[in-house]
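Mind the numbering: the sequence shown is residues 1 to 288 in UniProt numbering, read in order. Following: one structure in structure tokens, then a few remarks.
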Amino acid sequence: MSAISLPVVSSDDGLSKYLRDIRAFPLLEVEEEFMLARRWIEYQDTDAAHKLVTSHLRLVAKIAIGYRHYGLPVADLISEGNIGLMRAVKKFDPEKGFRLATYAMWWIKASLNEFVLNSWSMVKIGTLAAQKKLFFNLRRIKSRLRLLEGGDLPGEHVSAIAKELHVEEGDVVAMNRRMAGRDTSLNIRVGEGGSEIQDLLPDMAENQEASYAKREELSKGRVLISQALDILTEREREIFVERRLRDDPLTLEELGARYGVSRERIRQIEVKAFDKVREVVQAGFVSG
1 MSAISLPVVS
11 SDDGLSKYLR
21 DIRAFPLLEV
31 EEEFMLARRW
41 IEYQDTDAAH
51 KLVTSHLRLV
61 AKIAIGYRHY
71 GLPVADLISE
81 GNIGLMRAVK
91 KFDPEKGFRL
101 ATYAMWWIKA
111 SLNEFVLNSW
121 SMVKIGTLAA
131 QKKLFFNLRR
141 IKSRLRLLEG
151 GDLPGEHVSA
161 IAKELHVEEG
171 DVVAMNRRMA
181 GRDTSLNIRV
191 GEGGSEIQDL
201 LPDMAENQEA
211 SYAKREELSK
221 GRVLISQALD
231 ILTEREREIF
241 VERRLRDDPL
251 TLEELGARYG
261 VSRERIRQIE
271 VKAFDKVREV
281 VQAGFVSG
């Protein structure tokens with residue numbers, strides 16, 4: 001797959017040219033897509049893989065452009081989406097009965113989501129499930145409520161959004177501040193009790209020693225989990241991430257369909273992977 005050469009977007013100004021270029025790649029009929037996929041699976045035919053990828057570049061561009069409001073260069077978004085597409089082609093099995101576009105869409109969006117979360121802020125937002133949920137839903141909800149993109153959220157809307165997404169009001173306030181890209185007043189009243197925004201934010205005067213220790217422990221835990229993932233096989237890692245680290249984990253049945261095995265086999269792989277990760281993490285904390 002590494003041998004595949006694709007058009008690139010030189011800059012946001014070059015988007016129109018890129019879109020014209022990728023329209024030159026023909027879409028595939030069902031039968032041709034099936035045969036190309038079989039050639040890739042059976043013979044690792046890179047020409048077949050190239051046709052599968054290039055015929056779906058328009059799909060990537062359409063999805064990636066939908067992520068432009070996160071403030072990242074469209075060239076980077078498309079590039080990252082193309083990586084997700086290539087992963088999909090690598091794993092696609094036409095015998096399962098669905099089209100590559102259907103299968104690839106998940107991989108493209110997963111690749112873009114991770115890219116956005118890793119790149120959008122110097123402060124690593126999105127490391128917690130609640131933050132991920134807020135990050136990918138806050139703009140949509142604000143649009144539905146017809147709230148201005150820039151200003152501070154009215155108190156009643158902070159409460160409503162927190163209730164809808166099952167998160168804390170302080171998380172809503174903090175995420176909106178980050179996504180607005182500027183400081184906001186800490187004295188706005190929110191909720192029926194008339195609490196100020198600053199009352200919802202973490203108390204920075206808490207015991208600094210305990211706070212530092214907690215941050216160090218969380219940071220070390222993330223490093224250890226990352227190291228543990230490296231010792232897993234590719235399939236173990238993917239199943240572990242999908243079952244244990246995602247906000248909305250896939251079911252055993254969904255993963256079984258993806259890999260062409262039973263739900264019980266997926267469960268066995270998940271348990272084995274979890275045991276490996278736990279062993280590495282526990283050993284890391286014990287060793288100090």
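Just so it is clear, CB atoms sit at the ideal spot from N, CA and C, and this is done for glycine as well.
Going along the chain, which residues of its own chain have a beta-carbon closer than 7 Å to the beta-carbon of Leu-27, five neighbours each way excluded?
Indexing the sequence shown from 1 puts residue 27 at position 27. The answer, listed in chain order, is Ser-55.
Starting from Ile-78 and walking both ways along the alpha helix (DSSP H), at which residues does that stretch end?
Translated into the one-based positions of the sequence shown, residue 78 becomes position 78. Note, Ile-78: alpha helix (DSSP H), 74-91.
When burial is assigned at 16 or more other CB atoms within 10 Å of the CB, is Ala-48 buried or exposed?
Taking the first residue of the sequence shown as position 1, residue 48 is located at position 48. When all chains shown are included, Ala-48 counts as buried.
What number of angstroms, rounded off, separates the C-alpha of Leu-52 from the C-alpha of Glu-238?
Taking the sequence shown and counting its residues from 1, one reaches residue 52 at position 52. Taking the sequence shown and counting its residues from 1, one reaches residue 238 at position 238. If I take the Cα positions, the gap works out to 23 Å.
Going by beta carbon distance, what residues of the same chain come within less than 6 Å of Ala-37, once the five residues before and after it are set aside?
Counted from its first residue, the sequence shown places residue 37 at position 37. Cβ within range, chain order: Phe-92, Pro-94.
To the nearest angstrom, how far is it from the Cα of Arg-177 to the Cα of Ile-41?
By one-based count along the sequence shown, residue 177 stands at place 177. By one-based count along the sequence shown, residue 41 stands at place 41. Near 48 Å, if we compare the C-alpha coordinates of Ile-41 and Arg-177.
Quick check on this structure: which residue in Ile-141, Lys-133, Gly-155, His-157 has the alpha carbon closest to the alpha carbon of residue 289?
Only positions 1 to 288 of the chain appear in the structure, and residue 289 is not among them; the question remains open.
Alpha carbons only, please: which of Ile-141, Gln-131, Ala-88 is nearest the one belonging to Ala-174?
Residue mapping note: residue 174 aligns to position 174 of the sequence shown, counting from 1. For the residues Ile-141, Gln-131, Ala-88, the minimum Cα distance to Ala-174 belongs to Gln-131.
Out of Ile-65, Arg-144, Arg-99, Pro-7, which has the shortest C-alpha to C-alpha gap to Met-35?
The residue given as residue 35 occupies position 35 in the sequence shown. Out of Ile-65, Arg-144, Arg-99, Pro-7, Arg-99 has the C-alpha closest to the C-alpha of Met-35.
Please name the residue, chosen from Glu-254, Asp-45, Asn-137, that lies closest to Trp-106 on a Cα-to-Cα basis.
Here residue 106 refers to the residue found at position 106 when the sequence shown is read from its first residue. The option with the nearest alpha carbon to Trp-106 is Glu-254.
Leaving out five residues before and five after Ala-210 in sequence, what residues of the same chain have Cβ atoms less than 6 Å from its Cβ?
The count along the sequence shown starts at 1 and reaches residue 210 at position 210. Here the model assigns Ala-210 a pLDDT of 46, short of 50, so the residue's position is not dependable, and the following value carries that caveat. Around Ala-210: no qualifying Cβ.
Checking 8 Å against the spacing of the C-beta atoms, do Glu-236 and Ile-266 come in under that value?
Within the sequence shown, numbered from 1, the residue matching residue 236 stands at position 236. Within the sequence shown, numbered from 1, the residue matching residue 266 stands at position 266. For Glu-236 and Ile-266, no; Cβs fall outside 8 Å.
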